[in-house]
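All the letters of the sequence shown, read from the start, carry residue numbers -16 to 192 under this note's numbering.
Presented below is the structure to which this report refers.
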Amino acid sequence: ICNAKTLLETFTIIQHCRKIQDLNIQIDRNKTNLPVKTNTQTIINLPKLKQLEIISICGIVDNWQHFKTLLIAAHNISTLCIDIDCIIKLFENTDEDLIFPRVLHLFIDGNNNDIKLKNEHIHSLSKIFSDIHSLKIKYKTDSLIETNIIGSILDSCKQLIVFTINGQISNDISLEYIQKWLIKYTSRLKNSDKNYQVGFCDNWFQIWL
């Protein structure tokens, strides 16, 4: 669904797509209104979208209760792809208590801007998406990876199995010492008796827990 002005207006289309499996919603950044509180709008009751597993949101969500309605309707959702500036708006939203435990795979796309996650966002990430098994973050540029962010994510997201992020590692760290380098920044790895694997290739860092 392209060039939507608000998330709500897409519901009139989605309600007729009961068998959809992969939904991509593009909200026009040039047309998006300022966030509107739910009590000033009528929410359309979506049918159960039992086959919908993947939702991609491009642009900024204008109303988080409408977003919640969509994810509740997608009973079997497993994967959420969302722009980084949009998800940061969600993390900074303190007016509504939103938790989406059904999302198991989260892809945060920062390819269209220079915004990056900060430590203060990680607590919200682990609370809102409490059961994510895999997390992938794509930044616009391959700048130096912030190890404190990696540590915060691994320690806060208790169910996380695979974490992937693009960027560069300091030149003084060789691939054979990358595991020892990582242990310094996360108590989860320090206290773990399980084997874990770390890979770095083509400016992509990945860890399997």
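Note that beta-carbon positions come from the ideal geometry of N, C-alpha and C, so glycine has one too.
Computed from a prediction, not measured in an experiment: that's the story for all the values here.
Which same chain residues end up closer than 7 Å to residue i when comparing Cβ atoms and leaving out the 5 residues on each side of it in sequence?
{"i": "residue 68", "result": "43, 96, 98"}
So for residue i, helix, strand or coil by DSSP?
{"i": "residue 68", "result": "helix"}
{"i": "residue 23", "result": "With a pLDDT of 42 at residue 23, under the threshold of 50, the modelled position of this residue cannot be trusted; read the value that follows with caution. In the structure shown, residue 23 sits in a helix (DSSP, three-state: H, G or I)."}
{"i": "residue -11", "result": "coil"}
{"i": "residue 151", "result": "strand"}
{"i": "residue 134", "result": "helix"}
{"i": "residue 175", "result": "coil"}
{"i": "residue 156", "result": "coil"}
Near residue i, what residues of its chain come up, given a Cβ to Cβ distance below 6 Å and the 5 sequence neighbours on each side ignored?
{"i": "residue 23", "result": "Bear in mind that a pLDDT of 42 at residue 23, under 50, signals an unreliable position, so the number given afterwards is only what the model happens to contain. Within the same chain, residue 23 has no close Cβ partners at all."}
{"i": "residue 127", "result": "151"}
{"i": "residue 32", "result": "56, 57"}
{"i": "residue 135", "result": "102, 105"}
{"i": "residue 194", "result": "The chain is shown from -16 up to 192; residue 194 falls before or after that span and cannot be answered."}
{"i": "residue 180", "result": "191"}
{"i": "residue 85", "result": "60"}
{"i": "residue 169", "result": "134, 137, 138"}
Taking 9 Å as the threshold (beta carbon to beta carbon), is residue i in contact with chain B?
{"i": "residue 108", "result": "Included in the structure is just one protein chain, with no chain B present."}
Just how far apart, CA to CA, sit residue i and residue j?
{"i": "residue 50", "j": "residue 159", "result": "43 Å"}
{"i": "residue 28", "j": "residue 130", "result": "43 Å"}
{"i": "residue 6", "j": "residue 115", "result": "19 Å"}
{"i": "residue 48", "j": "residue 117", "result": "25 Å"}
{"i": "residue 122", "j": "residue 187", "result": "11 Å"}
- Query: Counting only runs that start and end within the segment 53 to 130, where is the beta strand (DSSP E) found for 3 or more residues in a row?
  - Reply: 62 to 66, 88 to 93, 117 to 122
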